Amino acid sequence: MSKLVAAIVVTYNRKELLRENIESLLAQTCRDILSIIVVDNASTDGTKEYIAQYIDRGDVIYLNTGANVGGAGGFNFGMRYAAEHDYAFMWLMDDDCVPMPDALEVFVKWHNKLKGRYGFLSGKAIWTDGNICKMNSHGIDLVKRVEDYSKPVIKIVTATFVSFFIQTKVVKRIGLPIKEFFIWCDDIEYSRRASKIAPGYLITSSVAVHKCARNSGSNIALDTPDRIERYNYAYRNEVYYFSHQGIKGMVYWFLRLGQHMLKVLLYADGYKLKRWGVIIKATVKGFLFHPEVEYVRKKRNGADA
């Protein structure tokens with residue numbers, strides 16, 4: 492049977508987690524239709540050598556971006572490759588994602604049930620303790636998030652790139668993730684772009700463990716000082732995202748921004764001015780941030796593998 496699905500795994504300096512991810516993909520019940528594409532953001536920890544056995548056996552297609560282009564750039568790179576090599580489906584995930592053995596099979600079944608009439612499918616992400624992973628919440632609309640996971644399928648508008656299933660024909664229609672986002676909000680923007688042309692669905696029986704360091708959402712007021720600068724991407728990218736959601740999006744963004752400023756004032760344990768400075772400067776940058784969506788137009792001569 493031909494390889495129909497490209498599992499696109501973006502990695503950077505987390506070789507142990509990556510190997511666990513690869514093993515979970517090799518254990519999929521639909522292994523015969525699956526290709527594993529590892530997109531390495533120019534890791535410096537010997538990632539390629541660490542997974543050499545999988546590359547040599549042909550279990551993994553290894554692509555090196557040549558530079559750290561962030562999660563957004565990595566998915567852009569890998570999805571372009573998959574589209575150019577005629578895969579029918581793409582299954583996106585980070586290197587710390589461990590799908591259950593039937594995760595892909597469940598997506599395929601629901602693809603058939605829905606007769607391909609969807610923008611994307613997303614699986615349920617749990618943390619290492621079995622609880623729902625807070626950073627991988629699913630948006631029912633601009634404001635509401637899924638809280639009840641008891642239903643087998645839930646209509647959603649946004650999801651993260653942790654077990655995210657999409658048809659290549661949709662990718663060709665809506666374009667690739669915006670690589671200039673680097674990190675933060677690239678998956679939310681992309682999933683919303685997809686759900687605007689057809690409904691997105693959370694398939695709760697397709698489960699993956701997300702082995703992130705802690706089970707908490709991002710919060711500039713509570714995050715450690717060494718991570719504050721990372722929020723430059725968050726607030727800049729959010730301006731772009733919410734400004735593309737109409738008047739309701741901008742009103743929600745304005746209220747959200749004020750709430751975040753207040754949380755810093757009330758709850759931050761030090762570095763309050765620095766946190767405010769990042770929010771303000773990144774927001775200003777957001778209004779000047781106008782990246783273009785790239786589309787898959789033709790095959791390239793080759794890939795850096």
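Just so we're aligned, residue 492 is where the sequence shown starts under the numbering used here, counting upward by one. All residues carry an ideal CB built from backbone N, CA and C; glycine is no exception. As the structure is a computational prediction, the values presented were derived from the model and not from experiment.
What did DSSP end up calling residue i once you bin it into helix, strand or coil?
| i | result |
| --- | --- |
| M752 | helix |
| F580 | strand |
| R788 | coil |
| D585 | strand |
| I711 | coil |
| P716 | helix |
| F598 | helix |
| F672 | helix |
| R664 | helix |
| F745 | helix |
| L605 | coil |
| I738 | helix |
| A685 | helix |
| M492 | Legend: pLDDT at M492 = 36, less than 50; position of this residue unreliable, value from coordinates given subsequently. DSSP places M492 in coil when its eight states are reduced to three. |
| G793 | Legend: pLDDT at G793 = 45, less than 50; position of this residue unreliable, value from coordinates given subsequently. Residue state, collapsed to three classes: coil. |
By Cβ distance below 8 Å, which residues in the same chain neighbour residue i in space, the five residues on each side in sequence not counted?
| i | result |
| --- | --- |
| G708 | K625, M626 and S628 |
| I770 | I711, Y722, Y726, L748, H751, M752 and V755 |
| R636 | S628, H629 and G630 |
| A689 | R608, Y609, G610 and V661 |
| V551 | I513, I527, I528, V529, I542 and Y545 |
| A796 | For A796, the predicted structure reports a pLDDT of 42, less than 50, and the residue's modelled location is therefore unreliable. The matter cannot be settled from this model. |
| F780 | E671, R727, N728, V730 and Y731 |
| M741 | F733 and S734 |
According to DSSP, which residues form a beta bridge with residue i?
| i | result |
| --- | --- |
| I645 | L693 |
| D677 | Looking at the DSSP assignment, D677 forms no beta bridge with any residue, so it has no partner. |
| R636 | G630 |
| A699 | P590 and A616 |
| I527 | A498 and V551 |
| I623 | I617 |
In chain order, what residues of the same chain lie with their CB nearer than 7 Å to the CB of residue i, ignoring the 5 residues before and after it?
| i | result |
| --- | --- |
| L583 | I499, F566, F652 and F655 |
| R683 | V648 and T649 |
| A794 | Confidence in A794 is poor, its pLDDT being 44 and thus under 50, which makes the residue's placement unreliable; the coordinate value appears in the next sentence. These residues qualify, in order along the chain: L554 and Y572. |
| D593 | T520 |
| D632 | V648 |
| K702 | L508, D587, V589 and T619 |
| E783 | none |
At which residues does the beta strand (DSSP E) containing residue i begin and terminate?
| i | result |
| --- | --- |
| L612 | F611 to I617 |
| F655 | F655 to Q658 |
Whose C-beta lies closer than 6 Å to the C-beta of residue i among residues of the same chain, with five residues either side of it excluded?
| i | result |
| --- | --- |
| L753 | none |
| I546 | Y553 |
| D678 | T651 and F652 |
| A579 | L495 and T659 |
| D536 | N504 and K506 |
| S534 | Y503 and N504 |
| F568 | V530 and T556 |
| P668 | A563, F566, N567, D677 and Y681 |
| W744 | F733 |
| I657 | M581 and F611 |
If you follow the alpha helix (DSSP H) that residue i is in, where does it begin and where does it stop?
| i | result |
| --- | --- |
| Y726 | Y722 to S734 |
| V769 | K763 to F778 |
| A573 | G561 to E575 |
Is there a Cβ from chain C that is less than 9 Å from the Cβ of residue i?
| i | result |
| --- | --- |
| T535 | Absent from the structure: chain C. Only one protein chain is present. |
Secondary structure, alpha helix (DSSP H): runs of 4+ residues fully inside the segment 529-555:
Those alpha helix (DSSP H) runs which fall completely within the segment 529-555 and span 4+ residues are 538-541 and 543-548.
In chain order, which continuous runs of the alpha helix (DSSP H) of length 4 or greater are located wholly inside the segment 497-525?
The alpha helix (DSSP H) runs lying completely inside the segment 497-525 and spanning 4 residues or more are 506-517, given in chain order.
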